[in-house]
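For the sequence shown, our numbering gives the first residue as 8, with consecutive numbering after it.
Heads up, the beta-carbon is just placed ideally off N, CA and C, and yes, glycines get one too.
Structure first, then comments.
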Amino acid sequence: MTSVLNALLNCIFPPRCAVCDNLMNESERGLICPTCAGEIKYVSPPWCPICGLPYRPPDVNHICGECIKDPPVYQIARALGIYEPPLLELIHKFKYRGYRTIGKYLGKMMAERYFKDLDFSSLDLIIPVPLHNGKLRRRSFNQALVLAKEVSKKYNIPCRDALLKRTVNTKSQVALPKEERKKNVRGAFSLTNAHEIKDKNILLIDDVYTTGGTVNECARLLLEKGAKSIYVCTLARTV
Ligand SMILES: [Zn+2]
Ligand SMILES: [Zn+2]
């Protein structure tokens, strides 16, 4: 019955690519067409072994200037792809236009991606970077939680989104220079139930890594309250 219904629905609303909106044929399963899928720029080495900033070959792995000048407190940060179209468009549709199906799709991609040096299965707990309550009410969902749930499901690692709270509704980080961003998020988070993170290896999940100021501030608090180590994974990162 479901397959008949699906076939009928496919006739009335044929599946379209979530990026270019072109019609997709029967064999093209998923949310985006093979052309758009092929255009996603995945992050791969050579890169900064700490923050995962990619370099162009023939450059080799080396710690980037930012990580030398101001080493992050987290262990490592990895991202699925570069924050450029078509990944950028998918993230925008998910985050600002509320297409949660796209979020789940991206979360699955994150969960299935092999991240060198970042073994999800060795971690104890997943924490999505929280939104401030005001923003959460306007958006009605936390994009980081949608992604975190997919990783949690795949690896069977508990996901706790109520532990970390964003207590200060910070200015958007987008337009701020790096030093300002750091000040902007300093002290913006609080933790409930510190005993739940004690000696835990934690995976922090967010949608986009820009300067790392937000995830680093979360990591600082979690480590201060007794976490053992913090790893970061985002869907995209800026370069
Ligand atoms: Zn497409
Ligand atoms: Zn770096």
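Q: Determine the burial state of residue 145: buried for a count of at least 16 other Cβ atoms within 10 Å of its Cβ, exposed for fewer.
A: exposed
Q) In whole angstroms, what is the alpha-carbon distance linking residue 59 and residue 83? A) 7 Å
Q) Is residue 138 helix, strand or coil by DSSP? A) coil
Q: With DSSP as the reference, label residue 121 as helix, strand or coil.
A: coil
Q. Which runs of the alpha helix (DSSP H) fall wholly inside the stretch 77-103 and span at least 4 residues, in chain order?
A. 94-102
(Q) Quick check: residue 29 and residue 23, are their CB atoms within less than 9 Å of each other? (A) yes
Q: Pull up the distance between the alpha-carbon of residue 220 and that of residue 18, whole angstroms please.
A: 47 Å
Q.
Tell me the residue span of the alpha helix (DSSP H) that contains residue 191.
A. 185-192
Q: Let me know if residue 149 comes out buried or exposed under the rule of 16 or more other beta-carbons within 10 Å of its beta-carbon.
A: buried
Q. Does DSSP classify residue 75 as helix, strand or coil?
A. helix
Q: Give the range of the alpha helix (DSSP H) segment to which residue 42 is assigned.
A: 41-46
Q.
Using a Cβ-Cβ distance cut-off of 9 Å, determine whether residue 117 contacts chain B.
A. Here chain B cannot be found, since the structure has a single protein chain.
Q.
According to DSSP, is residue 241 part of a helix, a strand, or is it coil?
A. strand
Q. Taking 8 Å as the cut-off, is the CB of residue 27 close to at least one heavy atom of ligand 2?
A. no
Q) Who are the Cβ neighbours of residue 168 in its own chain at under 6 Å, not counting the five residues just before and after it? A) 135 and 152
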